[in-house]
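Read through the structure below, which is laid out as structure tokens, and then see the notes.
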Amino acid sequence: MKIDSPQSSRPRNHVDIDQFWKLADDLQGRTVEHAKDMFAFVETASPQRLFSLLVQYRYFTVYYISDIALLIARLQPGRMRSFLADILLDELGGGDHTQAHPELYDRFLASLGIEHSALDGMALADNVALLDTARAKLIQPENNTAYGIGLRGMGGECVCQIYLARLYEHLILNPYIRERTASIDWTFWELHIGEHDIAHRENLRKLISDEVAGMDGDSVAALEAGFRDSMSAWSAFWQNIHDDATKPVDQELNPRAAVGDVVLGPAKSDRDADTDIKQFHLAIGVHDLQQARQFYCDVLGAKQGRSTRNLIDLDFYGHHLVIHQTPQGADNTDNAFGSAFYGETVRVPHFGMNLNWRDWSSLADRIKSKDYAFIDPPHVRMRDLPGEHATMFLNDPSGNSLEFKAFRNHDEVFSVIFSNSTRDIFGLDSLVEKAAAAA
3 MKIDSPQSSR PRNHVDIDQF WKLADDLQGR TVEHAKDMFA FVETASPQRL
53 FSLLVQYRYF TVYYISDIAL LIARLQPGRM RSFLADILLD ELGGGDHTQA
103 HPELYDRFLA SLGIEHSALD GMALADNVAL LDTARAKLIQ PENNTAYGIG
153 LRGMGGECVC QIYLARLYEH LILNPYIRER TASIDWTFWE LHIGEHDIAH
203 RENLRKLISD EVAGMDGDSV AALEAGFRDS MSAWSAFWQN IHDDATKPVD
253 QELNPRAAVG DVVLGPAKSD RDADTDIKQF HLAIGVHDLQ QARQFYCDVL
303 GAKQGRSTRN LIDLDFYGHH LVIHQTPQGA DNTDNAFGSA FYGETVRVPH
353 FGMNLNWRDW SSLADRIKSK DYAFIDPPHV RMRDLPGEHA TMFLNDPSGN
403 SLEFKAFRNH DEVFSVIFSN STRDIFGLDS LVEKAAAAA
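With this note's numbering as the guide, the letters of the sequence shown map in order to residues 3 to 441.
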């Protein structure tokens, strides 16, 4: 189901609060209908497929707590701020960290008794992108607090409670679950599909009617914009979970991504900033991309960034490691091959450094002054897209390939988001195909 969002999250025209609740009820009704039979397959799903689905909601709970805290920080003192603070305290276990809702959900997952890889690396990359985008909108100064209340204060909790309730109805009928019902820790579910959350929503609805409607003339319009964006994002969130969990067993799973720490502050986009960036960069070939990802992430603790069908970027303890799938039948006499990247072919293996823009430019001039030949001369990749960077390739006298990069915004080195204007913001493949078609 696609729920249209406004082109801009900024307020449009004044909207009456009664009209808003009529709209909200209509959108919620459509969400209930969409969720009605979405999880019927869960009744017969295998334990592994069950876990791959159930683990995904974990990441919503992790983000939700931080986002509510950010929203509270933006609100002025008053009833709404105190009410959301009470919800936050509840989410955090009322001061007892063992009762925090993410902890309760992790205990539920552990009680299922299903083997799995490290939880922090199992999030769907497209859902991490949705969560990151919602957080970015939440803290944008141009989006007022009424927008934030619609986006995170009411929207996310409302939508996900609907999907959780439908999922639970089918989950308890699964044979694997029925056999283990007595040993499963259901505490999280008892809180989220019963009267506890219903009371929260009813109290919040009354408070919104009293508080937001009494703000400036555009506040209800902003509330609506935030709520629409929320309904669209979280419906897509659950659809992504469904689509991944129902893939045929012979199809490759969708890309995963690590859930990072909360990082706040303005983007660093000054090309000439004298930032102390000295980050090692290495690109190597691997025989099995997913096996290598599991080794570097699960065994060695790297965090996955963006990925395509033939490469995965890894945050290797702050350094930039890229693993490339070695082509079948490749001539490995010198262990080198060409790998497609954004309409170009890069030589693998190669190593080098990520530098700041000033040092990269100085190095390019230095190499030119020495009359040393480039394999790939200095140029900019992915211009005007998140992840834009300058690059240059050359060989040392022994034939080892070196690449030097400078990102327009160094915070985007490991970002999984590439195009905010498209739905495929969680991968590079479509951008590569478009660039190749335009070449």
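Where a beta carbon is used, it is the ideal one built from N, C-alpha and C, also for glycine.
Test item: CB-CB of Lys370 and Gly123 under 9 angstroms: Translated into positions along the sequence shown, residue 370 becomes position 368. Translated into positions along the sequence shown, residue 123 becomes position 121. Not closer than 9 angstroms, so no.
contact_flag[the stretch 162 to 178, the stretch 246 to 258] where n(CB pairs < 8 angstroms) is 3 or more: no
Proximal residues to Asp18 (C-beta, below 8 angstroms), its chain only, five neighbours per side dropped: Here residue 18 is taken as the residue at index 16 of the sequence shown, counted from 1. Here the set comprises Val222.
Best match in Phe22, Asp413, Ala392 for proximity to Met156 [C-alpha to C-alpha]: As a first step, residue 156 is located in the sequence shown; it is residue number 154 there, counting from the start. It is Phe22.
Rounded straight-line distance, which links the Cα of Ala235 to that of Leu225: One-based indexing of the sequence shown puts residue 225 at position 223. One-based indexing of the sequence shown puts residue 235 at position 233. In a straight line, the C-alpha of Leu225 is about 15 angstroms away from that of Ala235.
Own chain, CB closer than 6 angstroms to Tyr107, minus 5 neighbours either side, in chain order: On the sequence shown, position 105 is the one that residue 107 refers to. Counting only Cβ-Cβ distances below 6 angstroms, and skipping sequence neighbours, we find Arg60, Thr63, Phe190.
Gly354 (DSSP reduced to helix, strand or coil): What you label residue 354 is simply residue 352 of the sequence shown in a count that begins at 1. When DSSP states are grouped into helix, strand and coil, Gly354 belongs to the strand group.
The stretch 29 to 47 in contact with the stretch 111 to 120 per 3-pair CB rule at 8 angstroms: no
Residues that Asp378 bridges to, as DSSP identifies them: Against the sequence shown, residue 378 aligns to sequence position 376. The partner list for Asp378 (beta bridge, DSSP) reads Phe395.
Rounded separation between Asp276 and His381 - CA only: Reading the sequence shown from its first residue, position 274 is the one you call residue 276. Reading the sequence shown from its first residue, position 379 is the one you call residue 381. Note that Asp276 scores a pLDDT of 49, beneath 50, so its modelled location is shaky and nothing firm can be said.
Alpha helix (DSSP H) runs contained entirely in the stretch 114 to 181, provided each spans 4 or more residues: Taking only runs of at least 4 residues, the alpha helix (DSSP H) segments lying wholly in the stretch 114 to 181 are 127 to 141, 147 to 150, 158 to 173, 177 to 181.
Thr347 - DSSP class collapsed to helix/strand/coil: Walking along the sequence shown from the start, residue 347 turns up at place 345. Reduced to three states, the DSSP call for Thr347 is strand.
Range of the contiguous beta strand (DSSP E) that encloses Gln327: Within the sequence shown, residue 327 is the residue found at index 325, counting from 1. Annotation: the continuous beta strand (DSSP E) that includes Gln327 extends over 321 to 327.
Alpha-carbon to alpha-carbon, His391 and Met384: On the sequence shown, residue 384 is found 382 positions in, with the first residue counted as 1. On the sequence shown, residue 391 is found 389 positions in, with the first residue counted as 1. When rounded, the distance between both Cα atoms is 7 angstroms.
Burial state of Ser237 (16 or more Cβ within 10 Å): Taking the sequence shown and counting its residues from 1, one reaches residue 237 at position 235. Buried, since its Cβ has 16 or more Cβ neighbours within 10 Å.
Every unbroken alpha helix (DSSP H) within the stretch 75 to 114, with a cutoff of 4 residues, ordered by chain: Taking only runs of at least 4 residues, the alpha helix (DSSP H) segments lying wholly in the stretch 75 to 114 are 81 to 93, 103 to 113.
Nonlocal neighbours in the same chain, by C-beta distance under 8 angstroms from Tyr374, ignoring five residues either side: Against the sequence shown, residue 374 aligns to sequence position 372. Residues Leu396 of the same chain have their beta carbon placed closer than 8 angstroms to that of Tyr374, with the five preceding and five following residues left out of the count.
Pairwise C-alpha distance: Ile325 and Asp315: Counting from one through the sequence shown, the residue named residue 315 turns up at place 313. Counting from one through the sequence shown, the residue named residue 325 turns up at place 323. If I take the Cα positions, the gap works out to 7 angstroms.
Lys150 vs Arg76 beta-carbon contact at 9 angstroms: The residue labelled residue 150 in the question sits at position 148 within the sequence shown. The residue labelled residue 76 in the question sits at position 74 within the sequence shown. The amino acid at residue 150 is misidentified as Lys; the sequence shows Gly. Yes, the pair counts as a contact, with Cβ atoms nearer than the cut-off.
Alpha-carbon spacing of Val57 relative to Ala285, whole angstroms: Within the sequence shown, residue 57 is the residue found at index 55, counting from 1. Within the sequence shown, residue 285 is the residue found at index 283, counting from 1. Looking at the two C-alpha atoms, the distance is approximately 31 angstroms.
Buried versus exposed, by CB contacts within 10 Å (16 or more), His289: Position 287 of the sequence shown holds residue 289. Its Cβ having fewer than 16 others within 10 Å, His289 is exposed.
Host alpha helix (DSSP H) of Arg32 (start-end): Walking along the sequence shown from the start, residue 32 turns up at place 30. Start and end: 19 to 37.
Among Gly320, Glu45, Leu323, nearest to Tyr170 - alpha-carbon criterion: Mapped onto the sequence shown, residue 170 falls at position 168. Nearest of Gly320, Glu45, Leu323 to Tyr170, Cα basis: Glu45.
Pick from Gly340, Phe85, Asn312, Arg258 that is closest to Lys208, judged by C-alpha positions: Position 206 of the sequence shown holds residue 208. Minimum Cα distance to Lys208 is reached at Phe85.
Proximity to Thr135 [Cα-Cα], best of Gly401, Trp362, Asn358, Asp231: On the sequence shown, position 133 is the one that residue 135 refers to. With distances taken between CA atoms, Thr135 lies nearest to Asp231 out of Gly401, Trp362, Asn358, Asp231.
Where Asn205 falls, given that 16 or more other Cβ within 10 Å makes a residue buried: Stepping through the sequence shown from its first residue, residue 205 is reached at position 203. Burial call: exposed.
Length of the line joining the Cα atoms of Asp20 and Asp220: For the purposes of this step, residue 20 is taken as residue 18 along the sequence shown, with counting starting at 1. For the purposes of this step, residue 220 is taken as residue 218 along the sequence shown, with counting starting at 1. Inter-residue distance for Asp20 and Asp220 is about 14 angstroms (C-alpha atoms, whole angstroms).
Presumed contact (8 angstroms Cβ cut-off) between Ile67 and Ala87, rounded CB distance: Here residue 67 refers to the residue found at position 65 when the sequence shown is read from its first residue. Here residue 87 refers to the residue found at position 85 when the sequence shown is read from its first residue. The Cβ separation is near 12 angstroms, so there is no contact.
Span separating the alpha-carbon of Asn145 from that of Pro49: Within the sequence shown, numbered from 1, the residue matching residue 145 stands at position 143. Within the sequence shown, numbered from 1, the residue matching residue 49 stands at position 47. For Asn145 and Pro49, the distance between alpha carbons rounds to 42 angstroms.
Span separating the alpha-carbon of Ile89 from that of Asp39: Taking the first residue of the sequence shown as 1, we reach residue 89 at position 87. Taking the first residue of the sequence shown as 1, we reach residue 39 at position 37. Near 30 angstroms, if we compare the C-alpha coordinates of Asp39 and Ile89.
Reduced DSSP category for Leu56 - H, G, I as helix; E, B as strand; rest coil: Here residue 56 is taken as the residue at index 54 of the sequence shown, counted from 1. Of the three classes helix, strand and coil, the one that applies to Leu56 here is helix, per DSSP.
Distance CB(Tyr37)-CB(Trp240) smaller than 9 angstroms: Numbered from its first residue, the sequence shown carries residue 37 at position 35. Numbered from its first residue, the sequence shown carries residue 240 at position 238. The amino acid at residue 37 is misidentified as Tyr; the sequence shows Ala. In this structure, Trp240 lies closer than 9 angstroms to Ala37 by Cβ.
DSSP state of Gln293 mapped onto helix, strand, coil: Your numbering for residue 293 matches position 291 in the sequence shown. In this structure, Gln293 counts as helix in the three-state DSSP scheme.
Segment limits, alpha helix (DSSP H) that includes Gln241: What you label residue 241 is simply residue 239 of the sequence shown in a count that begins at 1. For Gln241, the enclosing alpha helix (DSSP H) stretches over residues 221 to 247.
Three-state secondary structure (DSSP) of Arg385: As a position in the sequence shown, residue 385 is number 383, starting the count at 1. The answer is coil: DSSP assigns Arg385 none of H, G, I, E or B.
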